[in-house]
Amino acid sequence: MSRLVFITGGARSGKSSYAQRRCEELPGTLLYVATARVEDAEMAERVTLHQQQRGERWALLEEPLDLSARLPDVTPGRSAVLLDCLTLWLTNQLFAAGEQPVPVIAAAEQLIETLRRLDIPVFVVSNEVGSGIVPDNALARTFRDLAGRVNQLFAASADEAWLLASGLPLRLK
Amino acid sequence: MSRLVFITGGARSGKSSYAQRRCEELPGTLLYVATARVEDAEMAERVTLHQQQRGERWALLEEPLDLSARLPDVTPGRSAVLLDCLTLWLTNQLFAAGEQPVPVIAAAEQLIETLRRLDIPVFVVSNEVGSGIVPDNALARTFRDLAGRVNQLFAASADEAWLLASGLPLRLK
Amino acid sequence: MSRLVFITGGARSGKSSYAQRRCEELPGTLLYVATARVEDAEMAERVTLHQQQRGERWALLEEPLDLSARLPDVTPGRSAVLLDCLTLWLTNQLFAAGEQPVPVIAAAEQLIETLRRLDIPVFVVSNEVGSGIVPDNALARTFRDLAGRVNQLFAASADEAWLLASGLPLRLK
Numbered sequence: 104m105s106r107l108v109f110i111t112g113g114a115r116s117g118k119s120s121y122a123q124r125r126c127e128e129l130p131g132t133l134l135y136v137a138t139a140r141v142e143d144a145e146m147a148e149r150v151t152l153h154q155q156q157r158g159e160r161w162a163l164l165e166e167p168l169d170l171s172a173r174l175p176d177v178t179p180g181r182s183a184v185l186l187d188c189l190t191l192w193l194t195n196q197l198f199a200a201g202e203q204p205v206p207v208i209a210a211a212e213q214l215i216e217t218l219r220r221l222d223i224p225v226f227v228v229s230n231e232v233g234s235g236i237v238p239d240n241a242l243a244r245t246f247r248d249l250a251g252r253v254n255q256l257f258a259a260s261a262d263e264a265w266l267l268a269s270g271l272p273l274r275l276k
Numbered sequence: 104m105s106r107l108v109f110i111t112g113g114a115r116s117g118k119s120s121y122a123q124r125r126c127e128e129l130p131g132t133l134l135y136v137a138t139a140r141v142e143d144a145e146m147a148e149r150v151t152l153h154q155q156q157r158g159e160r161w162a163l164l165e166e167p168l169d170l171s172a173r174l175p176d177v178t179p180g181r182s183a184v185l186l187d188c189l190t191l192w193l194t195n196q197l198f199a200a201g202e203q204p205v206p207v208i209a210a211a212e213q214l215i216e217t218l219r220r221l222d223i224p225v226f227v228v229s230n231e232v233g234s235g236i237v238p239d240n241a242l243a244r245t246f247r248d249l250a251g252r253v254n255q256l257f258a259a260s261a262d263e264a265w266l267l268a269s270g271l272p273l274r275l276k
Numbered sequence: 104m105s106r107l108v109f110i111t112g113g114a115r116s117g118k119s120s121y122a123q124r125r126c127e128e129l130p131g132t133l134l135y136v137a138t139a140r141v142e143d144a145e146m147a148e149r150v151t152l153h154q155q156q157r158g159e160r161w162a163l164l165e166e167p168l169d170l171s172a173r174l175p176d177v178t179p180g181r182s183a184v185l186l187d188c189l190t191l192w193l194t195n196q197l198f199a200a201g202e203q204p205v206p207v208i209a210a211a212e213q214l215i216e217t218l219r220r221l222d223i224p225v226f227v228v229s230n231e232v233g234s235g236i237v238p239d240n241a242l243a244r245t246f247r248d249l250a251g252r253v254n255q256l257f258a259a260s261a262d263e264a265w266l267l268a269s270g271l272p273l274r275l276k
């Protein structure tokens with residue numbers, strides 16, 4: 104079973120940098136899994152820039168939805184996977200499921216199983232979205248409930264869990 | 104003086120589950136105090152479902168406002184109280200007080216005194232609502248200031264305080 | 104090099120009170136640096152009231168923008184500085200820079216250097232604003248990204264960093 108490291112925190116709390124540093128402590132080639140949808144030229148340029156900044160040790164998989172299907176084929180020979188981020192993947196899944204959270208939770212459970220079966224360490228970056236005022240918008244409320252529930256599933260299954268604040272890690276588990 | 108355990112965290116951070124597990128470590132019958140207003144049939148059904156899920160060890164008090172008046176009469180013979188949640192009670196109090204926070208803070212201080220005089224452990228679930236962007240809406244700003252101040256009062260008075268994130272508890276005190 | 108203590112947390116999480124208590128453990132006179140813009144009589148009254156509540160040990164500097172220019176002249180003879188708060192100063196800087204974050208990050212880096220050159224302990228109060236749902240408003244998104252990045256800069260440079268929740272401090276560093 105792979106080692107699962109779950110990393111959460113607010114926007115710009117240093118989650119991705121922390122995850123990247125943790126991966127780079129390992130030898131060998133690393134796989135960066137980007138879940139953002141690349142929908143225009145500006146976004147594509149940013150993806151290329153980030154990939155260049157990460158450097159040669161990092162391979163890239165861009166996949167907004169079908170992680171469970173694609174990950175097993177692209178991880179052999181890699182020494183770790185960084186999934187960045189779970190929250191965008193949940194957003195993509197929620198839209199693909201017609202804004203219904205139940206199938207998304209099932210997809211998240213399947214993703215955890217898939218990740219556990221990879222035989223290399225997996226670092227998952229997520230987001231804290233539930234510590235503000237209750238949103239007016241019903242879809243935003245659905246999403247924050249979904250994100251909270253899925254974060255709990257990942258953290259429960261993880262070997263390590265970290266909360267980032269101002270770039271600094273607090274160990275949850 | 105009762106033992107007071109204060110449990111806070113964002114939406115869907117696992118606060119209620121953690122509080123329930125802590126209560127269920129104790130022997131005897133437990134009292135669940137629900138502060139949500141039950142205003143329609145769907146809500147009533149959800150309350151019944153939750154009560155069934157908690158099981159036979161749990162008695163239920165539904166009270167959106169007058170906790171200080173009602174708790175002393177219903178706790179004798181119980182081995183712990185779980186108040187879920189403080190934030191909804193504050194919302195109900197703020198509306199009952201014409202959106203003025205000052206009387207609500209007084210009611211919160213009285214509630215702490217009442218809880219302290221019960222001779223059984225009390226678990227209070229609250230919410231973090233102040234770690235997003237400042238809300239546009241004046242009432243939302245009033246509420247988040249009120250919730251923050253009342254959380255401070257409870258945490259200061261508590262014997263234990265916990266911050267939940269992704270279902271995992273961080274000890275504050 | 105001065106000792107830098109960085110204190111962050113949500114709205115009404117007890118950050119300022121904690122910072123003030125930490126300063127008051129030191130002997131001598133203390134400098135409170137208020138970054139709020141005082142724009143009407145009600146605000147001016149509140150500033151006066153807070154200054155009276157802090158008491159005689161505290162001198163006051165009100166400066167919404169030019170901290171790097173003014174601090175070196177007003178700190179000699181003080182035993183500590185409390186900057187309250189970084190987030191309002193960032194707001195003021197962002198408006199002064201025509202809502203462009205890049206010059207504000209440069210100003211924040213300069214402020215850290217200035218604070219480090221004061222030869223007395225410096226306590227900086229900031230805010231967590233990135234743990235709610237992504238705001239609809241583009242300026243709010245710019246601001247929360249900026250605040251997160253600047254919090255990381257301060258925390259990286261700090262000797263101590265604390266996250267407040269419900270009035271209780273969690274040590275980040």
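Protein chains in written order, with the working numbering: chain A, 104 to 276; chain V, 104 to 276; chain D, 104 to 276.
Glycine included, C-beta positions come from ideal geometry on N, C-alpha and C.
Which whole-angstrom value is the C-beta distance of residue i and residue j, which I expect to be below 8 angstroms?
i	j	result
SER234 (chain D)	GLY113 (chain V)	7 angstroms
LEU197 (chain V)	LEU249 (chain V)	6 angstroms
ILE215 (chain A)	LEU256 (chain A)	6 angstroms
PHE109 (chain D)	THR194 (chain D)	Between THR194 (chain D) and PHE109 (chain D) the Cβ distance is about 18 angstroms, and since that is not below 8 angstroms, they are no contact.
THR217 (chain A)	LEU266 (chain A)	Not really, about 25 angstroms apart at Cβ, beyond 8 angstroms.
Which partner residues does residue i have in the DSSP bridge list?
i	result
ASP187 (chain A)	A:ALA137, A:VAL228
THR111 (chain V)	V:LEU266
TRP161 (chain V)	V:LEU133
ARG274 (chain V)	V:TRP265
Helix, strand or coil: how does DSSP classify residue i here?
i	result
PRO179 (chain V)	coil
ILE223 (chain D)	coil
ILE236 (chain D)	coil
GLY201 (chain D)	coil
GLU148 (chain A)	helix
SER116 (chain D)	coil
SER171 (chain D)	helix
ASP143 (chain V)	coil
ARG106 (chain V)	coil
GLU216 (chain V)	helix
GLU166 (chain V)	coil
GLU128 (chain V)	coil
Let me check you understand the geometry: is the CB of residue i closer than 7 angstroms to at least one non-hydrogen atom of the ligand MG?
i	result
GLU216 (chain D)	With respect to the ligand MG, the structure offers nothing, as it holds no ligand at all.
Considering only the beta carbon of each residue, do residue i and residue j sit closer than 8 angstroms?
i	j	result
MET104 (chain V)	ARG274 (chain V)	no
THR138 (chain D)	LEU191 (chain D)	yes
VAL136 (chain V)	LEU189 (chain V)	no
VAL225 (chain D)	LEU107 (chain D)	yes
ALA122 (chain V)	LEU185 (chain V)	yes
ALA268 (chain V)	LYS276 (chain V)	no
LEU168 (chain V)	ALA199 (chain V)	yes
VAL119 (chain D)	ASP176 (chain D)	Looking at the sequence provided, one finds Ser at residue 119 (chain D) rather than Val. No; because the gap between Cβ atoms is not below 8 angstroms, this pair is not in contact.
PHE232 (chain V)	ILE236 (chain A)	Note that residue 232 (chain V) is Val in the sequence shown here, rather than Phe. Yes. Within cutoff.
Could you tell me which of the options sits nearest to residue i, measuring between CA atoms?
i	options	result
ALA261 (chain A)	V:ALA264, V:GLY270, V:PHE257, V:SER260	V:GLY270
LEU133 (chain D)	D:HIS153, D:GLY158, D:VAL150	D:GLY158
PRO130 (chain D)	D:ALA183, D:PHE198, D:LEU170, D:ALA172	D:ALA183
ASN254 (chain A)	A:ASP176, A:ALA144, A:ASN230	A:ASN230
GLU202 (chain V)	V:PRO238, V:LEU242, V:PRO179	V:LEU242
ALA258 (chain A)	V:PRO272, V:GLN156, V:TRP161, V:LEU193	V:PRO272
THR178 (chain A)	A:ASN240, A:GLU212, A:TRP161	A:TRP161
VAL207 (chain D)	D:ARG252, D:ALA172, D:ASN240	D:ARG252
GLU127 (chain A)	A:ARG181, A:PRO238, A:ALA211	A:ARG181
ALA211 (chain A)	A:ASP239, A:ARG140, A:PRO238, A:ALA172	A:ALA172
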